[in-house]
Amino acid sequence: MAQRSHWVNCFGPIDESLITDSEVFQIDAMSRDLAPLDKNTSLIRQLITGFEACYHQADKEAERIIKAVAAGKPPRKSTARPAKRKRELVNAHRLLSDWRKDHNARPAGVRLGRIRAAELLAPLASPTALMKWQVDRVIDRIGFALDPSTTTLQKLK
């Protein structure tokens with residue numbers, strides 16, 4: 046069994062004798078023409094492979110990839126967010142954390158974008174154990190997005 050490094054991320058180790066698809070052979074030929082790939086090229090390939098067009102910041106991600114291709118190296122990792130987006134994440138974290146403490150809490154004046162807190166929390170008016178657990182996971186994820194050094198998940202309540 047041989048490994049084609051350019052297929053491992055799709056299939057894992059594969060038995061080459063089982064591949065008879067002409068499209069796979071064409072991709073193999075293109076990979077041979079480009080080989081060997083240096084580290085930066087492989088890292089750019091990872092950016093391209095990880096691109097999701099449905100992501101709400103897909104245009105910014107596409108811009109990052111284009112700049113990486115032009116520079117021949119991937120950009121530095123950054124967790125920076127525009128001030129407005131960061132403020133909205135902080136508001137979401139605070140809003141949901143407050144809701145977990147008091148399910149009737151409706152902070153006046155708090156908005157997430159154009160949505161008022163009361164409007165956002167209205168569907169959670171009758172919380173179930175599952176809803177509480179799911180909101181805890183959202184709080185954890187937002188907390189991690191705001192501070193990646195946060196590793197302790199909230200205890201189940």
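The numbering of the sequence shown is this note's numbering, which starts it at 46 and goes up by one.
Just so it is clear, CB atoms sit at the ideal spot from N, CA and C, and this is done for glycine as well.
Quick caveat: nothing in here was measured; it's all calculated off a predicted structure.
Euclidean distance between Cα positions of PRO119 and VAL180 = Counting from 1 along the sequence shown, the entry for residue 119 is found at position 74. Counting from 1 along the sequence shown, the entry for residue 180 is found at position 135. One C-alpha to the other measures close to 35 angstroms.
Environment of TRP144 [buried if 16+ CB atoms lie within 10 Å] = For this step, residue 144 is matched to residue 99 along the sequence shown. Looking at its Cβ environment, which holds 16 or more other Cβ atoms inside 10 Å, TRP144 is buried.
Can you tell me whether ARG186 is buried or exposed, with buried defined as 16 or more other CB within 10 angstroms of its CB?
-> Start at 1 with the first residue of the sequence shown, and residue 186 comes out as number 141. So ARG186 ends up on the exposed side.
How close, in whole Å, do the beta carbons of ALA162 and PRO152 come, if the pair is a contact with beta carbons under 8 angstroms?
-> Here residue 162 corresponds to residue number 117 of the sequence shown, with the count starting at 1. Here residue 152 corresponds to residue number 107 of the sequence shown, with the count starting at 1. Contact between ALA162 and PRO152 holds, with the beta-carbon distance rounding to 5 angstroms and staying under 8 angstroms.
Three-way DSSP call (helix, strand, coil) for LEU82 in this model | As a working mapping, residue 82 is identified with position 37 in the sequence shown. Correct three-state label for LEU82: coil.
Return yes when at least one heavy atom of the ligand MG lies under 6 angstroms from the C-beta of LEU165, else no.
-> Of the ligands one can find in the structure shown there are none, so the ligand MG has no counterpart to examine.
C-beta atoms of ILE111 and ILE93 nearer than 7 angstroms = The count along the sequence shown starts at 1 and reaches residue 111 at position 66. The count along the sequence shown starts at 1 and reaches residue 93 at position 48. No. Outside cutoff.
Compare the C-beta of VAL114 against all C-beta atoms of chain B and say whether one is closer than 7 angstroms.
-> Within the model displayed, chain B is absent; a lone protein chain is all it includes.
Start and end residues, alpha helix (DSSP H) containing HIS138 | Counting from one through the sequence shown, the residue named residue 138 turns up at place 93. Here the alpha helix (DSSP H) through HIS138 covers 128-146.
Span separating the alpha-carbon of ALA103 from that of ILE72 = Translated into the one-based positions of the sequence shown, residue 103 becomes position 58. Translated into the one-based positions of the sequence shown, residue 72 becomes position 27. C-alpha separation (whole angstroms): 26 angstroms.
Short check: CB of LEU157 to CB of LEU165, under 7 angstroms?
-> For this step, residue 157 is matched to residue 112 along the sequence shown. For this step, residue 165 is matched to residue 120 along the sequence shown. Yes, the pair counts as a contact, with Cβ atoms nearer than the cut-off.
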